[in-house]
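Peer 1: Sharing a structure with you now.
Protein chains: 2
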Amino acid sequence: MKKAEATRLMILQKAFELIYVKGYQTTSIDDIIATTKVTKGAFYYHFKSKDEMGLAIINEILKPTLTNSFIEPLQTEENPLDAIYNLMDNLLMKNDFLKVEYGCPASNFTQEMTPWNSEFNKALNVLTQEWTKAITATIERGKKSDTIRKDVNAKQVTIFVMSGYWGIRNLGKLENSKKVYVSYLKQLKIYLDSLK
Amino acid sequence: MKKAEATRLMILQKAFELIYVKGYQTTSIDDIIATTKVTKGAFYYHFKSKDEMGLAIINEILKPTLTNSFIEPLQTEENPLDAIYNLMDNLLMKNDFLKVEYGCPASNFTQEMTPWNSEFNKALNVLTQEWTKAITATIERGKKSDTIRKDVNAKQVTIFVMSGYWGIRNLGKLENSKKVYVSYLKQLKIYLDSLK
DNA sequence: TCAGAAACATACTAAATAGTATTTTTTGTA
DNA sequence: TACAAAAAATACTATTTAGTATGTTTCTGA
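The listed protein sequences correspond, in order, to chains X and L.
Just so you know, the first sequence maps onto residues 4 to 199 in the working numbering.
Just so you know, the second sequence maps onto residues 4 to 199 in the working numbering.
Written out as structure tokens, the structure is:
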């Protein structure tokens, strides 16, 4: 990797951290250049605006994370229902990229930017669609292998499961405790079992 | 109601509208005084800071709405499971205080303010606790009247249902369509039926 | 009716903000 | 090694922001 590329990526990573913790609006360019120890000239050499950087965070930081942590695990696990449950269990209880007190980055972004920036909206929609596709495919796989009932509506279940995940992240953030995650996971298990 | 009180309430209502649409950070005091046609002097006569106003919105606008639209309906409906389902159906599909493109006000607030303002956090937690209590009570009522199985964990189910609601609001906001609400509601029904 | 307080209006300020113009340094390569 | 382009540093600007200081008007009760 060229040095310039490394700088760019470093800015994105640290900026993401800041934004994940503090929110997009409340993170200023000055905050970012202070923690990255990069000058304003360097920052604006790599990004022509704050919003362009925001989009780059979605596409170059969140997207790979989605692929690695939200989609791949679904494909490696044999049993589809276990795959979904274990994914959630890992994301909520074990993953240490995501912190309970800061919620879900994609969800935070959605809440904060969707009202006023359609570019962010589009980029976030792409992420969501990709995750949706992966979960739906997993359920369809289960239907084929007879571990999930044929009458189960894969898309509906996906939406139901996804919304639960986003919501519980929000609730965990509010209460600043993983306790709600445990309750959520128990009921998720019961719900998933009902699809057998 | 005294005239001054009316002014205060009018500011809160219009400010809430603005914040619900644009977000808290991106709504400036100048925005608020422009749309309320109240001068800065008047604004700061009623609220000593923007954050105090934000808290007042939670306590004086959101709280009554919670009581009227999120809690009361649970208590008037006879059958507990129907009560919960109908509540969600009403909130998502019929209520016109809440708009799909702007998501859930409480959820928006949580996402945006929780990271940096513990006062907001506390106030929002109170709202959530109240709703939690109401849903849990409804489920317990169902267990007593034998419309819900005795082995159902009321608190867990409450958390599961609530997280689904928050999440689907977020998803609806992202996709700007009530279509996801329909899918969510269908699976919610199936899930609730499994508690019988 | 009039004094004093409540309610509102006007004009400002200091700080923060995103972004720019210009210069300097670093780097790859002919 | 020279030199052009890439990368980064510096110093600035215009605007927006929350908030204040100091009025003026309106109301209310003795």
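Think of the CB as a built atom: it goes at the ideal place given N, C-alpha and C, for glycine as much as any other residue.
1) As an exercise, report each continuous alpha helix (DSSP H) stretch of at least 4 residues that is fully enclosed by the segment 70-103 of chain L, in chain order.
2) Does DSSP put residue 154 of chain L in a helix, a strand or coil?
3) Return the residues of the segment 47-62 of chain X that lie within a Cβ-Cβ distance of less than 8 Å from chain L, sorted by chain order.
4) Check for me: the alpha helix (DSSP H) holding residue 134 of chain X runs from which residue to which?
5) Quick check on residue 24 of chain X: does DSSP put it in helix, strand or coil?
6) Just to make sure I have the definition right: I need the residues of chain X whose C-beta is within less than 7 Å of the C-beta of residue 24 of chain L. Which are they?
7) Would you say residue 189 of chain L lies against chain X (beta-carbon separation less than 7 Å)?
8) Hey, residue 183 of chain L and residue 162 of chain X: beta-carbon distance below 7 Å or not?
9) Using CA atoms only, rank isn't needed, just tell me which of X:118, X:102 and X:98 is closest to residue 107 of chain L.
10) Quick check: the segment 37-52 of chain L against the segment 87-105 of chain L, are there 3 or more CB pairs under 8 Å?
11) Can you have a look at residue 126 of chain X and say buried or exposed, based on whether 16 or more other CB atoms are within 10 angstroms of its CB?
12) Suppose the cutoff is 8 Å on Cβ atoms and the five residues either side in sequence are ignored; what does the same chain contact list for residue 32 of chain L look like?
13) Just how far apart, CA to CA, sit residue 194 of chain L and residue 120 of chain X?
14) Going by CA-CA distance only, name the one from X:147, X:74 and X:24 that's closest to residue 200 of chain X.
15) Whose Cβ in chain X lies nearer than 8 Å to the Cβ of residue 19 of chain L?
16) For the segment 159-177 of chain X, list every residue whose C-beta sits within 7 Å of some C-beta in chain L, in sequence order.
17) So residue 115 of chain X contacts chain L; which residues on that side make the cut at Cβ distance below 7 Å?
18) Under the assumption that residue 100 of chain X contacts residue 68 of chain X (Cβ atoms under 8 Å), give the Cβ distance between them as a whole number of angstroms.
19) With burial defined as no fewer than 16 other Cβ atoms inside 10 Å of the residue's Cβ, what is the status of residue 11 of chain X: buried or exposed?
20) How many whole angstroms separate the CB atoms of residue 141 of chain L and residue 165 of chain L, which I take to be in contact at a CB cut-off of 8 Å?
21) How should residue 176 of chain L be labelled, buried or exposed, when 16 other C-beta atoms within 10 angstroms of its C-beta is the threshold for buried?
22) When the distance is taken between beta carbons, is residue 198 of chain X closer than 7 Å to residue 155 of chain X?
Peer 2: According to the data block:
1) Runs of the alpha helix (DSSP H) inside the segment 70-103 of chain L: 75-79 and 83-92.
2) Sequence index remark: in the second sequence, residue 154 of chain L carries index 151 (1-based). DSSP, read as helix, strand or coil, puts residue 154 of chain L in coil.
3) Within the segment 47-62 of chain X, no residue qualifies.
4) Taking the first residue of the first sequence as position 1, residue 134 of chain X is located at position 131. First-last of the alpha helix (DSSP H) with residue 134 of chain X: 121-147.
5) Sequence index remark: in the first sequence, residue 24 of chain X carries index 21 (1-based). Look at residue 24 of chain X here: in three-state DSSP terms it is helix.
6) The residue labelled residue 24 of chain L in the question sits at position 21 within the second sequence. Within 7 Å Cβ-Cβ: 118.
7) By one-based count along the second sequence, residue 189 of chain L stands at place 186. Answer yes: the Cβ-Cβ gap between residue 189 of chain L and chain X drops below 7 Å somewhere.
8) Residue mapping note: residue 183 of chain L aligns to position 180 of the second sequence, counting from 1. Residue mapping note: residue 162 of chain X aligns to position 159 of the first sequence, counting from 1. Taking 7 Å as the Cβ cut-off, residue 183 of chain L and residue 162 of chain X qualify as a contacting pair.
9) One-based indexing of the second sequence puts residue 107 of chain L at position 104. Nearest C-alpha to residue 107 of chain L: X:118.
10) The segment 37-52 of chain L makes no contact with the segment 87-105 of chain L; the number of CB pairs closer than 8 Å stays below 3.
11) Mapped onto the first sequence, residue 126 of chain X falls at position 123. Result: buried.
12) Indexing the second sequence from 1 puts residue 32 of chain L at position 29. So the qualifying residues of the chain are 43, 46 and 53.
13) Mapped onto the second sequence, residue 194 of chain L falls at position 191. Mapped onto the first sequence, residue 120 of chain X falls at position 117. The C-alpha of residue 194 of chain L lies about 35 Å from the C-alpha of residue 120 of chain X.
14) The requested residue 200 of chain X is not part of the displayed model; chain X covers only 4 to 199.
15) What you label residue 19 of chain L is simply residue 16 of the second sequence in a count that begins at 1. Annotation: residue 19 of chain L has no Cβ neighbours in chain X at a cutoff of 8 Å; minimum Cβ distance is about 14 Å.
16) Correct list: 159, 160, 162, 163, 165, 166, 167, 168, 169, 170, 171, 173, 174, 176 and 177.
17) Locating residue 115 of chain X in the first sequence gives position 112, counting from the first residue. Result: 26, 114 and 115.
18) For the purposes of this step, residue 100 of chain X is identified with residue 97 of the first sequence, where counting begins at 1. For the purposes of this step, residue 68 of chain X is identified with residue 65 of the first sequence, where counting begins at 1. At roughly 7 Å, the Cβ-Cβ gap stays under 8 Å, so residue 100 of chain X and residue 68 of chain X are in contact.
19) By 1-based counting over the first sequence, the position of residue 11 of chain X is 8. Its Cβ being crowded by 16 or more others within 10 Å, residue 11 of chain X is buried.
20) Along the second sequence, one-based indexing puts residue 141 of chain L at 138. Along the second sequence, one-based indexing puts residue 165 of chain L at 162. Incorrect: roughly 12 Å between the Cβ atoms, too far for contact.
21) In the second sequence, residue 176 of chain L corresponds to position 173, counting from 1. Taking every protein chain shown into account, the CB of residue 176 of chain L has 16 or more other CB atoms within 10 angstroms, so this residue is buried.
22) The sequence position of residue 155 of chain X within the first sequence is 152, counting from 1. The sequence position of residue 198 of chain X within the first sequence is 195, counting from 1. With respect to residue 198 of chain X, residue 155 of chain X sits close: the two C-beta atoms are nearer than 7 Å.
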